[in-house]
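The listed protein sequences derive, respectively, from chains R and F.
The opening residue of the first sequence carries number 1227 in this note's numbering; numbering runs sequentially from there.
The opening residue of the second sequence carries number 52 in this note's numbering; numbering runs sequentially from there.
Each residue gets a CB set at the ideal place from its N, CA and C atoms; glycine is no exception.
This one's a predicted model, so the numbers in the text were calculated from it and none came from an experiment.
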Amino acid sequence: MEKYLLRNIENPNSADINEYVKAGGYKALAKAMDMKPADIIEQVKKSGLRGRGGAGFPTGMKWAFAAADPKMPKYLLCNADEGEPGTFKDRPLLEKNPHLLIEGMIISGHALRAKYGYIYLRGEYPQAKDILEAAIKQAYEKKFLGDNILGRGVKFDLCVHQGAGAYICGEETALIESLEGRRGQPRIKPPFPVNEGFLAKPTVVNNVETFSNVPYVLEIGPEEYSKIGSSDCPGPKLFSVSGHVKKPGVYELPMGTTLRDIIYTHCGGVTGDKKLKAVIPGGISTPVLPADKLDCPMDFVNMPKHGSMLGSGAVMVFDETVDLPKVCLRAIKFFEHESCGKCTPCREGIGWMRSILGRICGGTGNAGDIDLLLEVSKNVMGKTFCPLGDGAATVVQNFIKNFRNEFEAHINNKVRAER
Amino acid sequence: MKLSDKVAAEINSIKSRYQDPRSCLLPSLYVVQKADGWIAPEAMAAVGELLNVPGATVKGVATFYSMFRHKPMGRHLIQLCTNVACLVMGAEELVDILKGKYGLEPNGTSPDGRFSLVIMECIGACGTAPAMLVDTDFHENLNEKNIIDTLENYK
Ligand SMILES: Cc1cc2nc3c(=O)[nH]c(=O)nc-3n(C[C@H](O)[C@H](O)[C@H](O)COP(=O)(O)O)c2cc1C
Ligand code: SF4
Ligand code: FES
């Protein structure tokens, strides 16, 4: 497949507007400016594009909800919080291809009649901040941004808003709270952001990669776009692959590429040709899979049928030497650290799970600890205010489901996880 | 405490980017932290006054976000990731090395005031793990040797 999202990124000046224009950039914007907003939404709907932030919600449908709300002004927010462990797919877009994101946001802003956009960028990407701000400045100079875009009388302002190290701010309502200058704690839904989001106005939140697909839809048309990859969730997809593979990195592949293809064809297989033990396919919150479950097409529709989820497309590969209870413990420590504290099952339950896992991995676990852990996880699952708590419970339940013997070995042999 | 003229001017210039002055809170805290290296309680109160936000609210916000520092830091800040991808690629050994070589403990500062160490959740460099940020520079594919070579460039 020809690259679109990552095209031209080997060019050391790929973030410069002139290089981007030379490679065909901002053509879709010119096209969009001659289209009615409703027609752009219609094309995005027809394309079948689904959000790339994790949940896979149909983008055109989300936009239509916001467009149908009469309240003005409307806001456009880019979720560049990329905090799901294992995920580094938005980083090359932000650092190497910022104009693709900017172009996608201007087109989306026009479609939604939004005049203001913000890129909520995680604090851990200081370089991306400088690169984005320089790129935005260039876009203003070329009149792609501002009060009179390409002389068509359309206005759109865009700026970067830096987060400060809180994973929960990737959740869209927490992101909005944070942008409003508050602690990043999720809001109750409904009302959904499309009706009452930033400053209580209709707000569309999309992921970096989602916006970056929008120019492509307009360039090749929704029919051609919908032919790429899986039929019910088409398009190119970025996969960030880490852990024990020979060639880790970010890969742009058609949606629906199998996990096996990703690991063995594109990433060259397991490092040192060791045996594969486990894979987390979509970021730490998605269910871990054993080595014999690799033939699943990586997309939003098929992954649930194979016992996991596409999530953010962050593939983490573990070879035979990895102590999985220890990985599970580290993952739960992450959730404990990132719990926003708003609801009890998450705030307290994750602490309990960490404590039990800690003694199992410390070689002082008790015979009933695995069942106790599952019991606690059930009291978290489905009972929390936002999906962060469910994510933690999912991790515990699936590590135990697939690798219970490893937890038992720690308990029975009283072995401490190796350092 | 009064904010320096420079800091106050920078905060005021941020206001035009937002429809609601309250949105300036996080960026303003960043301005203070960039100038002072940390955010003193008095600075929080001063930011509150400038933005017309109660001091207690500023404190509540500033302490929610893990990248705001509430005590003075060393000259260079090491933010080392130990999340899963970095863990399986050897991040724990690196924590030990920093302790041995510089007397650095997580959340601590080396006795000579040169480095502070903060353990991070994923910093988006999992494909080149283990990884750290030193101040605002990424350093990736770290190992027991090159981490020291790298840090020796920060005086
Ligand atoms: C705990 C949590 C963390 C999330 N983190 C991110 C993130 O870092 N980036 C992102 O784009 N979406 C993240 N999401 C999903 C967002 O809430 C939202 O669904 C997404 O930004 C919508 O954009 P999309 O439709 O383009 O995918 C997160 C959700 C939850 C519950
Ligand atoms: S589930 Fe956790 S992160 Fe989500 S609202 Fe509750 S405490 Fe906060
Ligand atoms: S796990 Fe360390 S950078 Fe992602």
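Legend entry - Reference Asn-1266 (chain R), options R:Met-1524, R:Gly-1251, R:Tyr-1252, R:Ala-1293, closest by Cα: Indexing the first sequence from 1 puts residue 1266 (chain R) at position 40. Note on residue identity: the sequence assigns Ile, not Asn, to residue 1266 (chain R). The shortest C-alpha separation from Ile-1266 (chain R) is found at R:Ala-1293.
Inset, instruction - Compare the C-beta of Glu-1406 (chain R) against all C-beta atoms of chain F and say whether one is closer than 9 Å. - result: Within the first sequence, residue 1406 (chain R) is the residue found at index 180, counting from 1. True, the Cβ-Cβ gap to chain F drops below 9 Å.
Inset, instruction - Consider the Cβ of Ile-1195 (chain R): report whether some Cβ of chain F lies at a distance smaller than 9 Å. - result: Because residue 1195 (chain R) is not part of the residues shown, which for chain R are 1227 to 1645, the question remains open.
Legend entry - Ile-1626 (chain R) to Glu-1634 (chain R) span [Cα, whole Å]: Translated into the one-based positions of the first sequence, residue 1626 (chain R) becomes position 400. Translated into the one-based positions of the first sequence, residue 1634 (chain R) becomes position 408. Looking at the two C-alpha atoms, the distance is approximately 10 Å.
Legend entry - Residues of the stretch 115-134 of chain F whose Cβ lies closer than 8 Å to any Cβ of chain A, in chain order: Of the chains in the structure shown, none is chain A; the protein chains are R and F.
Legend entry - Burial state of Ile-1414 (chain R) (16 or more Cβ within 10 Å): By one-based count along the first sequence, residue 1414 (chain R) stands at place 188. Flag for Ile-1414 (chain R) reads exposed.
Inset, instruction - Kindly list the residues whose CB is nearer than 8 Å to the CB of Thr-1590 (chain R), restricted to its own chain and excluding five residues on each side of it in sequence; keep chain order. - result: Working through the first sequence from its first residue, we reach residue 1590 (chain R) at position 364. Lys-1640.
Inset, instruction - Apply the 10 Å Cβ neighbour rule to Thr-1313 (chain R) and answer buried if 16 or more other Cβ atoms are within range, or exposed otherwise. - result: Taking the first sequence and counting its residues from 1, the one referred to as residue 1313 (chain R) is at position 87. So Thr-1313 (chain R) counts as buried.
Legend entry - Candidates R:Arg-1630, R:Pro-1318, R:Glu-1632, R:Gly-1309, of which the one nearest Glu-1397 (chain R) by Cα: Reading the first sequence from its first residue, position 171 is the one you call residue 1397 (chain R). Selected option, being the one with the closest Cα: R:Gly-1309.
Legend entry - Boundaries (first-last residue) of the alpha helix (DSSP H) holding His-121 (chain F): On the second sequence, position 70 is the one that residue 121 (chain F) refers to. Looking at the DSSP string, His-121 (chain F) is not in any alpha helix (DSSP H), and its letter there is neither H nor E.
Inset, instruction - Give me the Cα-Cα distance between Ser-1334 (chain R) and Pro-1311 (chain R), rounded to the nearest whole angstrom. - result: What you label residue 1334 (chain R) is simply residue 108 of the first sequence in a count that begins at 1. What you label residue 1311 (chain R) is simply residue 85 of the first sequence in a count that begins at 1. Using only the alpha carbons, I get a separation of about 28 Å.
Inset, instruction - Would you check whether ligand 1 has a heavy atom nearer than 8 Å to the C-beta of Glu-1562 (chain R)? - result: Looking up residue 1562 (chain R) in the first sequence gives position 336. It does not: the Cβ of Glu-1562 (chain R) is nowhere closer than 8 Å to a heavy atom of ligand 1.
Legend entry - Under 7 Å (Cβ pairs) to chain F, residues found in the stretch 1497-1510 of chain R: Ile-1510
Inset, instruction - Return no unless some Cβ of chain F is closer than 9 Å to the Cβ of Thr-1512 (chain R). - result: Residue numbering aside, residue 1512 (chain R) sits at position 286 when the first sequence is read from its first letter. Not closer than 9 Å to any Cβ of chain F, the Cβ of Thr-1512 (chain R) fails to qualify, so no.
Legend entry - Residues within the stretch 1518-1550 of chain R neighbouring chain F, beta-carbon criterion of under 7 Å: Met-1542, Phe-1544, Val-1548
Legend entry - Cβ shell of Ile-1586 (chain R) (< 7 Å), same chain only, five flanking positions each side left out: Here residue 1586 (chain R) refers to the residue found at position 360 of the first sequence. Contacts found: Pro-1551, Asp-1595, Phe-1633, His-1636, Ile-1637.
Legend entry - Straight-line gap, Leu-131 (chain F) to Gly-125 (chain F) (C-alpha atoms, nearest Å): Translated into the one-based positions of the second sequence, residue 131 (chain F) becomes position 80. Translated into the one-based positions of the second sequence, residue 125 (chain F) becomes position 74. Answer to the nearest angstrom: the Cα atoms are 15 Å apart.
Legend entry - 9 Å Cβ cutoff met for Val-104 (chain F) and Leu-80 (chain F): Sequence index remark: in the second sequence, residue 104 (chain F) carries index 53 (1-based). Sequence index remark: in the second sequence, residue 80 (chain F) carries index 29 (1-based). The answer is no: Cβ separation not under 9 Å.
Inset, instruction - Kindly indicate if chain F contains any beta-carbon less than 9 Å away from that of Leu-1515 (chain R). - result: Here residue 1515 (chain R) is taken as the residue at index 289 of the first sequence, counted from 1. No - not a single Cβ of chain F is within 9 Å of the one on Leu-1515 (chain R).
Legend entry - Within chain R, partners of Ser-178 (chain F) - CB distance below 8 Å: What you label residue 178 (chain F) is simply residue 127 of the second sequence in a count that begins at 1. Strictly speaking, residue 178 (chain F) in this sequence is Gly, with Ser absent from that position. Those are Phe-1314, Ser-1466, Val-1467, Ser-1468, Pro-1474, Gly-1475, Val-1476, listed as they occur along chain R.
Inset, instruction - Using a threshold of 9 Å, state whether the C-beta atoms of Thr-1484 (chain R) and Pro-1516 (chain R) are closer than that. - result: Position 258 of the first sequence, counting from 1, holds the residue named residue 1484 (chain R). Position 290 of the first sequence, counting from 1, holds the residue named residue 1516 (chain R). The answer is no: Cβ separation not under 9 Å.
Inset, instruction - Within the same chain, show all residues whose beta-carbon is closer than 6 Å to that of Lys-1271 (chain R), passing over the 5 residues directly before and after it, in chain order. - result: Translated into the one-based positions of the first sequence, residue 1271 (chain R) becomes position 45. Answer for Lys-1271 (chain R): Gly-1286, listed in chain order.
Legend entry - chain R contacts from the stretch 66-84 of chain F (Cβ-Cβ distance under 8 Å): Arg-68, Gln-70, Asp-71, Arg-73, Ser-74, Cys-75, Leu-76, Leu-77, Pro-78, Leu-80, Tyr-81
Inset, instruction - Could you name the residues of the stretch 1590-1604 of chain R whose beta carbon sits closer than 7 Å to any beta carbon of chain F, in the order they occur along the chain? - result: none
Inset, instruction - Closer than 7 Å by beta-carbon distance: list the chain R residues that pair up with Ile-174 (chain F), in chain order. - result: Taking the second sequence and counting its residues from 1, the one referred to as residue 174 (chain F) is at position 123. Under the 7 Å cutoff, chain R gives Glu-1350.
Inset, instruction - Check whether the stretch 1565-1584 of chain R touches the stretch 1481-1500 of chain R, counting contact only when three or more Cβ pairs, one atom from each stretch, lie closer than 8 Å. - result: no
Inset, instruction - Compute the minimum distance between the beta carbon of Ser-1438 (chain R) and the heavy atoms of ligand 3, and state whether it is under 8 Å. - result: Along the first sequence, read from residue 1 onward, the residue named residue 1438 (chain R) stands at position 212. Ser-1438 (chain R) Cβ: outside cutoff for every heavy atom of ligand 3.
Inset, instruction - Mind checking which residues open and close the alpha helix (DSSP H) that includes Pro-1412 (chain R)? - result: As a first step, residue 1412 (chain R) is located in the first sequence; it is residue number 186 there, counting from the start. Note, Pro-1412 (chain R): premise wrong, no alpha helix (DSSP H); not H, not E.
Inset, instruction - Anything in chain R within Cβ reach of Leu-138 (chain F), meaning under 8 Å, just list it in chain order. - result: For the purposes of this step, residue 138 (chain F) is identified with residue 87 of the second sequence, where counting begins at 1. What Leu-138 (chain F) touches in chain R: Lys-1552, Val-1553, Arg-1556.
Legend entry - Span separating the alpha-carbon of Arg-1278 (chain R) from that of Gly-164 (chain F): Within the first sequence, numbered from 1, the residue matching residue 1278 (chain R) stands at position 52. Within the second sequence, numbered from 1, the residue matching residue 164 (chain F) stands at position 113. Computed Cα separation, rounded: 43 Å.
Legend entry - Start-to-end residues for the beta strand (DSSP E) that takes in Thr-1429 (chain R): The residue you call residue 1429 (chain R) lines up with position 203 of the first sequence. Element bounds for Thr-1429 (chain R): 1429-1433.
Inset, instruction - Please say whether Val-1543 (chain R) and Ser-1468 (chain R) have beta carbons closer to each other than 9 Å? - result: The residue given as residue 1468 (chain R) occupies position 242 in the first sequence. The residue given as residue 1543 (chain R) occupies position 317 in the first sequence. In contact: Ser-1468 (chain R) and Val-1543 (chain R) (Cβ atoms closer than 9 Å).
Inset, instruction - Would you please verify whether the beta carbon of Leu-149 (chain F) is less than 9 Å from any beta carbon of chain R? - result: Counting from 1 along the second sequence, the entry for residue 149 (chain F) is found at position 98. So no, Leu-149 (chain F) is outside the interface.
Legend entry - Nearest-angstrom Cα separation, counted from Thr-1512 (chain R) out to Gly-1676 (chain R): Residue 1676 (chain R) cannot be examined here, being either before or after the span of chain R that is shown, 1227 to 1645.
Inset, instruction - Taking His-1563 (chain R) as the query, report the chain F residues whose CB atoms sit under 9 Å from its CB, ordered along the chain. - result: Within the first sequence, the letter at position 337 stands for residue 1563 (chain R). Correct list: Ser-117, Glu-172.
Legend entry - ligand 1 heavy atom lying under 8 Å from the CB of Asp-1525 (chain R): Numbered from 1 along the first sequence, position 299 holds the residue referred to as residue 1525 (chain R). No, Cβ of Asp-1525 (chain R) sits at least 8 Å from all heavy atoms of ligand 1.
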